[in-house]
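> Protein chains in written order, with my numbering: chain A, 1 to 154; chain B, 155 to 657. The C-beta atom is built at its ideal place from N, Cα and C for all residues, glycine as well. Computed from a predicted structure; not experimentally measured.
1) So with CB distances below 8 Å, who are the chain B contacts of residue 56 of chain A?
2) Compute the minimum distance between the beta carbon of residue 18 of chain A and the heavy atoms of the ligand MN, and state whether it is under 7 Å.
3) Does the pairing of the stretch 41-57 of chain A with the stretch 83-90 of chain A give three or more beta-carbon distances under 8 Å?
4) With a CB to CB cut of under 6 Å and the five nearest residues on each side skipped, what residues in its chain are close to residue 469 of chain B?
5) Does DSSP put residue 409 of chain B in a helix, a strand or coil?
6) Threshold first: 4 residues or longer. Then list the alpha helix (DSSP H) segments lying entirely within the stretch 186-223 of chain B, N to C.
7) Thinking just about the alpha-carbon of each residue, which of B/631, B/374 and B/277 is nearest to the one in residue 581 of chain B?
8) Is the stretch 357-365 of chain B close to the stretch 569-579 of chain B, with three or more CB pairs under 8 Å?
9) May I have the straight-line CA-CA distance separating residue 436 of chain B from residue 446 of chain B, to the nearest angstrom?
10) Counting only the same chain and skipping the five closest in sequence on each side, list residues whose C-beta sits under 7 Å from that of residue 559 of chain B.
11) Below 7 Å between beta carbons is the criterion; list the residues of the stretch 66-79 of chain A that meet it against any residue of chain B, in chain order.
12) Less than 8 Å between CB atoms is the rule here; does residue 14 of chain A satisfy it with respect to chain C?
13) How many Å lie between residue 414 of chain B and residue 594 of chain B at the Cα?
14) What runs of the alpha helix (DSSP H), each 4 residues or longer, lie entirely inside the stretch 432-489 of chain B?
15) Would DSSP call residue 141 of chain A helix, strand or coil?
16) Starting from the Cα of residue 409 of chain B, find the closest Cα among B/429, B/419, B/392 and B/420 and give me that residue.
17) Compute the Euclidean distance between the alpha carbons of residue 393 of chain B and residue 403 of chain B, then round it to the nearest angstrom.
18) Does the beta-carbon distance from residue 304 of chain B to residue 477 of chain B come in below 8 Å?
19) According to DSSP, simplified to helix, strand and coil, what is residue 337 of chain B?
20) For a cutoff of 8 Å on Cβ pairs, would you count residue 588 of chain B as touching chain A?
21) So, with DSSP's three-state summary, where would you put residue 612 of chain B?
22) Which of helix, strand or coil does DSSP assign to residue 621 of chain B?
23) Is residue 427 of chain B close to chain A, meaning its C-beta is less than 8 Å from at least one C-beta of that chain?
24) Can you tell me which of the three DSSP states residue 654 of chain B falls into?
25) Could you give the DSSP three-state label for residue 16 of chain A: helix, strand or coil?
26) Can you give me the C-alpha to C-alpha distance between residue 169 of chain B and residue 23 of chain A, rounded to a whole angstrom?
27) Less than 8 Å separating the beta-carbons of residue 57 of chain A and residue 11 of chain A?
Put into structure tokens, the structure is as follows:
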């Protein structure tokens, strides 16, 4: 059994976030109470995060002593699938400008259709092309959304 | 302007052909979103917000509002036929709705849910029309301290009603306040936590945050499992409820409407809570409570009425005080701001056409939904059969286009994907995203109210307690925060329904 439980781990992370926010806010100046400065509210928010995380940490530690251990968050699930989707999303964000909307979308949809829950190739190719062209027609041509163009003009 | 003149003005606006078209598109998309599990009104409104930039503010609000109440109608179809709630407010409809379908009564279940939704939705709109204007007049007396205390109360109620430990919900609200402070300080115009990224000067942006936390995170969670839906294979007939069905469910509909409307008004309340409370009340007043869960029509009629009435109620704090009651209203607030409107007490006076046009469009939308829902049940059933592996790439694509088109920038897309990852981790570690979103939206307003109040009082925080309305609101917040010290109150909170994020 792991040394810490889920709430202990998450509360510790939040404690670090809260302290970082509070310290970072000091750079912007808190100002006097009669005329609060730019850093005043984020400082309060950071302190609140740190305080609540400390309360959570204490409660979680008490629970740990009472026998509540680590609950695996990825047990019994296909954790590789969300990872693939996330990778595809990041890749899409980075490639949509250099490749252009249509090509990037064809690759994105095709990848998801094939990699996450594998579909037959005709469905993958047909679905990807239809989704990309359909979205381009609706958003770019009809709604005049300025979607990124690749070197080939679409 | 008296009520009748206002209503006539509202209908003049709502009946313009373009507004009718946007109302129709809104309720149609809303029903579709409600029917499809894994895509709620919060994500749908965020996705479609950028598409409204090219239309008038009235048309935009009419369409976005239509999505919200349309989703409440559509959600019941999936609950009844598939036993999976189409959206969170229809969770409780599964209990008796699906059992009715199994016993060959899918038609009456779908029919009564559509009629209950229509009756409650219409009464909810009447309530909105009657209560909103006087409340807006009263809200004109509010100063910065009252606004600050009201927003604190809204956040406290939401954290009180959230499922799981209260420290987690409060922590999410505090984190939301921090996220809301990113960008230019609205009093001194100096940049905060922008990391020298120009796009962050306007703040994190509620739309990418919501799409990430609700849309992307939901997809990430769904693809972990192989989703196989089995639509209940039965011939759906007798959609019109019989006289006996009406006799059995009329009381439930009226009770559900009353409960839903008033819980909807409450900041932090909403459609999910109302439907659970309505179900509990129906069970309590029934002569045969043991039959609930076996296919009792009251178990469908009450909650469906409640979640629809709640949508009307939820518009009241938004339109009169400028305070969103739940995540959907928070997005609508953002949408109104994008269109250059400031919801609040002055809205009724300054833009009566918009206010009354939006409200009366809800009448028309409810009629459209009733006409749409019953004959189109077959179509919704067919859509339900579209496999999720085909559907989810399209949902992601809509999210990506929506996030990009906000500022034509990749930064918005990256923020959305980042929030998607955060939302996924929040679910895994059991943190609710709803308080974060509400705090993110309220953050800038709350900060302005706090700083103005302290300026007014020369730095004395007592201003929040010594002014009567503010003091009362603070007292309520304090009472809710002090709950862990009062054992009987803690027990009461423990039995509250597990409100989900799609509140």
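According to the structure shown:
1) Looking up residue 56 of chain A in the first chain gives position 56. What residue 56 of chain A touches in chain B: 319, 321, 322 and 325.
2) With respect to the ligand MN, the structure offers nothing, as it holds no ligand at all.
3) no
4) Your numbering for residue 469 of chain B matches position 315 in the second chain. 282.
5) Within the second chain, numbered from 1, the residue matching residue 409 of chain B stands at position 255. It is helical.
6) 195-202
7) Indexing the second chain from 1 puts residue 581 of chain B at position 427. It is B/374.
8) yes
9) Counting from 1 along the second chain, the entry for residue 436 of chain B is found at position 282. Counting from 1 along the second chain, the entry for residue 446 of chain B is found at position 292. Using only the alpha carbons, I get a separation of about 9 Å.
10) As a first step, residue 559 of chain B must be located in the second chain, where it is residue number 405. Closer than 7 Å at the Cβ level, and outside the excluded window around residue 559 of chain B, lie 204.
11) 73, 77, 78 and 79
12) Among the protein chains of the structure shown, namely A and B, there is no chain C.
13) As a working mapping, residue 414 of chain B is identified with position 260 in the second chain. As a working mapping, residue 594 of chain B is identified with position 440 in the second chain. Taking the straight line from one Cα to the other gives about 26 Å.
14) 452-475
15) Reading the first chain from its first residue, position 141 is the one you call residue 141 of chain A. Correct three-state label for residue 141 of chain A: helix.
16) Against the second chain, residue 409 of chain B aligns to sequence position 255. Checking every option, the nearest Cα to that of residue 409 of chain B belongs to B/429.
17) As a first step, residue 393 of chain B is located in the second chain; it is residue number 239 there, counting from the start. As a first step, residue 403 of chain B is located in the second chain; it is residue number 249 there, counting from the start. So the two alpha carbons sit approximately 15 Å from each other.
18) As a position in the second chain, residue 304 of chain B is number 150, starting the count at 1. As a position in the second chain, residue 477 of chain B is number 323, starting the count at 1. Cβ distance < 8 Å, so residue 304 of chain B and residue 477 of chain B count as in contact.
19) If you number the second chain from 1, residue 337 of chain B lands on position 183. Note: residue 337 of chain B maps to strand in three-state DSSP.
20) Translated into the one-based positions of the second chain, residue 588 of chain B becomes position 434. By this cut-off, residue 588 of chain B is not an interface position.
21) If you number the second chain from 1, residue 612 of chain B lands on position 458. The answer is coil: DSSP assigns residue 612 of chain B none of H, G, I, E or B.
22) The residue given as residue 621 of chain B occupies position 467 in the second chain. Looking at residue 621 of chain B - three-state DSSP - the assignment turns out to be coil, as it is neither helix nor strand.
23) Here residue 427 of chain B refers to the residue found at position 273 when the second chain is read from its first residue. By this cut-off, residue 427 of chain B is not an interface position.
24) As a position in the second chain, residue 654 of chain B is number 500, starting the count at 1. The predicted position of residue 654 of chain B is uncertain, since its pLDDT is 43 and thus under 50; no value can be drawn from it.
25) Position 16 of the first chain holds residue 16 of chain A. Note: residue 16 of chain A maps to helix in three-state DSSP.
26) Translated into the one-based positions of the second chain, residue 169 of chain B becomes position 15. Translated into the one-based positions of the first chain, residue 23 of chain A becomes position 23. Taking the straight line from one Cα to the other gives about 55 Å.
27) By 1-based counting over the first chain, the position of residue 57 of chain A is 57. By 1-based counting over the first chain, the position of residue 11 of chain A is 11. Yes, these two residues count as a Cβ contact at 8 Å.
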